[in-house]
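Residues 1444 to 1630 (the numbering used here) are what the sequence shown spells out, left to right.
First comes the structure, then the notes that go with it.
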Amino acid sequence: MAPSAYILAGTPGVGKSTVSRALASRMGVWLLELADIVGPGVVEASASALSARAGSMIRRGGRDAVIATHIVFKPRSIPVRAAVVLRRDPYRLLEELAVRGYPETKVLENVEAELLGIVYREALSKIGAGRVFQIDTTERRVEEVVELAYGAFTGRWRGEDIDWISRLESEGRLEGLVVRLSTRGVS
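What follows is the structure, given as structure tokens:
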């Protein structure tokens, strides 16, 4: 049988690397992280270049792969079975990225992308609504996220509906975040 791909996507800081390693092991498939695909020393790559390289790598490898990425793309000539987008409370993401030492502008850029669901919308556009699922990783252990992702990839779990704007607004936390994000680029 020809190899296929499973996409595990999300903004930086949501848990992709940790979850993807455990998930690939659980599924018995190959793990391809974005850094493996772009290669050493490459800072930026187009979705088209990523698609071509990932497709070639999976065909040469001859087996299914989990692709962990913050840039959603379909590997060229490789069917994508499903995509799971990991999500995280924007305030917790802000803390995580700051602890990792990300520059303030990068922290705010990624938090804004998470708040707006940019990666999720890209996945819907490129993979298709019936095959894209979301998981809120905020209060979950890695093992639980792995099992939920595995369930989504095997058709036994349909994901969660995550809308940070509505949730934060109902909790009275949206305005503070919007004010913080509005400082981006202001010196």
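Think of the CB as a built atom: it goes at the ideal place given N, C-alpha and C, for glycine as much as any other residue.
- Tyr1449: member of the beta strand (DSSP E) spanning 1448–1452, first to last residue.
- The alpha helix (DSSP H) runs lying completely inside the region 1580–1630 and spanning 4 residues or more are 1585–1596, 1607–1613, 1617–1625, given in chain order.
- By the Cβ criterion, the region 1503–1521 is in contact with the region 1475–1494, since at least three pairs of Cβ atoms, one from each stretch, lie closer than 8 Å.
- Counting other Cβ atoms within 10 Å of its Cβ, Arg1531 reaches 16 or more and is therefore classed as buried.
- The C-alpha of Glu1582 is placed about 21 Å away from the C-alpha of Val1575.
- Secondary structure of Ile1578 (DSSP, three-state): strand.
- Per DSSP, Ile1514 lies in no alpha helix (DSSP H) and is assigned neither H nor E.
- Its chain contains Ile1578, Trp1600 as the residues whose beta carbon lies nearer than 7 Å to that of Leu1591, once the 5 sequence neighbours on both sides are disregarded; these appear in chain order.
- Note that the C-beta distance between Ala1525 and Ala1595 is below 8 Å.
- Contact between the region 1456–1471 and the region 1533–1547 is established, with three or more Cβ pairs separated by less than 8 Å.
- Between Gly1498 and Ile1521 a beta carbon distance of about 5 Å is seen, short of the 8 Å cut, so the two are scored as contacting.
- Under the three-pair Cβ rule at 8 Å, the region 1554–1561 counts as touching the region 1617–1627.
- Looking at the DSSP output, Arg1530 sits in a beta bridge with Asp1579.
- Counted as a single uninterrupted DSSP element, the beta strand (DSSP E) harbouring Glu1476 occupies residues 1473–1476.
- Comparing C-alpha distances from Val1528 to each of Pro1546, Arg1503, Val1562 shows the shortest one belongs to Val1562.
- Arg1506 sits in coil when the DSSP states are folded into three classes, being neither helix nor strand.
- For Ser1460, same chain residues with a beta-carbon under 8 Å away, outside a window of 5 residues either side, are Glu1476, Ala1511 in chain order.
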